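Everything on this sheet refers to the single structure shown next.
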Amino acid sequence: MALFLSPDLIKHAVDRLRASRAQPKLLDYLIFRRALVNSGGPSAQVVTGMASQPFQQAIREWARVRPDTRPAPHFFNPFGSASATDNGFRSDKYPSNGPSDTASGWAASLASPPFVAVAGSSPRAFTFVAIPGSELEKAFLRAEGADPDKNKKPRLADTAIWWLRDRDLETLGLTDQAEPSDLIATLRSEVGLSNAEESALFDPTLI
96 MALFLSPDLI KHAVDRLRAS RAQPKLLDYL IFRRALVNSG GPSAQVVTGM
146 ASQPFQQAIR EWARVRPDTR PAPHFFNPFG SASATDNGFR SDKYPSNGPS
196 DTASGWAASL ASPPFVAVAG SSPRAFTFVA IPGSELEKAF LRAEGADPDK
246 NKKPRLADTA IWWLRDRDLE TLGLTDQAEP SDLIATLRSE VGLSNAEESA
296 LFDPTLI
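The opening residue of the sequence shown carries number 96 in the working numbering; numbering runs sequentially from there.
Given below as structure tokens:
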């Protein structure tokens with residue numbers, strides 16, 4: 096029998112991610128990190144575009160919430176979306192011009208972009224550049240404000256719950272006794288996050 100995370104667990108995780116200091120573009124970064132794994136590892140290039148299976152797979156894994164057979168919206172971004180006018184929902188154009196356009200803008204908006212466009216590439220391709228944790232935090236988290244409820248980094252455990260929201264845990268070797276640390280271990284393995292990335296971008300609180 097298939098084993099899935101409970102809807103209540105997912106809802107509470109999403110609510111916390113929405114209210115966190117995460118900027119919505121954190122999702123784009125995580126999509127590129129997963130696409131890097133799908134493409135062969137840290138030294139690979141992430142080729143964008145609708146024909147790039149590794150890239151499109153990463154978008155579906157991180158953002159799709161409804162199958163194509165059901166009405167739109169099909170894509171959702173939970174990170175820091177509580178105050179967003181679109182509430183985090185993305186149009187069906189998101190796979191074609193969402194993450195790739197965001198990453199293209201990092202060259203101009205970030206002092207140290209973590210993904211750099213390959214000159215002359217078509218479709219656009221990007222290479223990964225590990226940057227300091229302080230730069231990651233500045234790029235993908237909002238500055239702390241006066242409201243203590245909105246001063247928290249996104250929880251790594253909540254991010255793992257979102258990552259595994261539609262996965263059969265039994266296919267991952269997990270049981271109904273799985274702990275948050277087990278979910279995090281799966282996220283870490285499948286997305287390739289380093290200790291430095293986790294420390295800079297996420298709250299390690301488990302419960």
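For every residue, glycine included, the Cβ atom is placed at its ideal position computed from N, Cα and C.
All values reported here derive from a predicted model rather than from experimental measurement.
Item, Value
"Using only the alpha-carbon positions, how far apart do proline 149 and alanine 220 sit?", "12 Å"
"Contact check, aspartate 110 vs alanine 198 under 8 Å by CB: the rounded distance?", "With 8 Å as the limit, aspartate 110 and alanine 198 do not qualify as a contact, their Cβ atoms being about 28 Å apart."
"Please list the segments of the beta strand (DSSP E) lying wholly inside the segment 215–296, counting only runs of 3 or more residues, in order along the chain.", "220–223"
"Let me confirm a value: valine 286 is counted as buried when at least 16 other C-beta atoms fall within 10 Å, else exposed. Which label applies?", "buried"
"Can you check whether the CB of valine 224 is closer than 9 Å to the CB of serine 207?", "yes"
"From the DSSP secondary-structure annotation, give me the bridge partner or partners of aspartate 196.", "Paired residue(s): none; aspartate 196 is not in a bridge."
"Alpha helix (DSSP H) containing valine 109: first to last residue?", "102–114"
"Three or more beta-carbon pairs under 8 Å between the segment 111–119 and the segment 169–177, yes or no?", "yes"
"With distances taken Cα to Cα, identify the nearest neighbour of glutamate 274 among Ala252, Leu288, Pro166.", "Ala252"
"Could you check if asparagine 133 is buried or exposed, using at least 16 other CB atoms within 10 Å of its CB as the buried criterion?", "buried"
"Look at the Cβ atom of proline 190, then the Cβ atom of arginine 155, and state whether they are nearer than 9 Å.", "yes"
"Please name the residue or residues paired with phenylalanine 171 in a DSSP beta bridge.", "Phe184"
"When the Cα atoms are used, what is the spatial distance from alanine 234 to leucine 267?", "32 Å"
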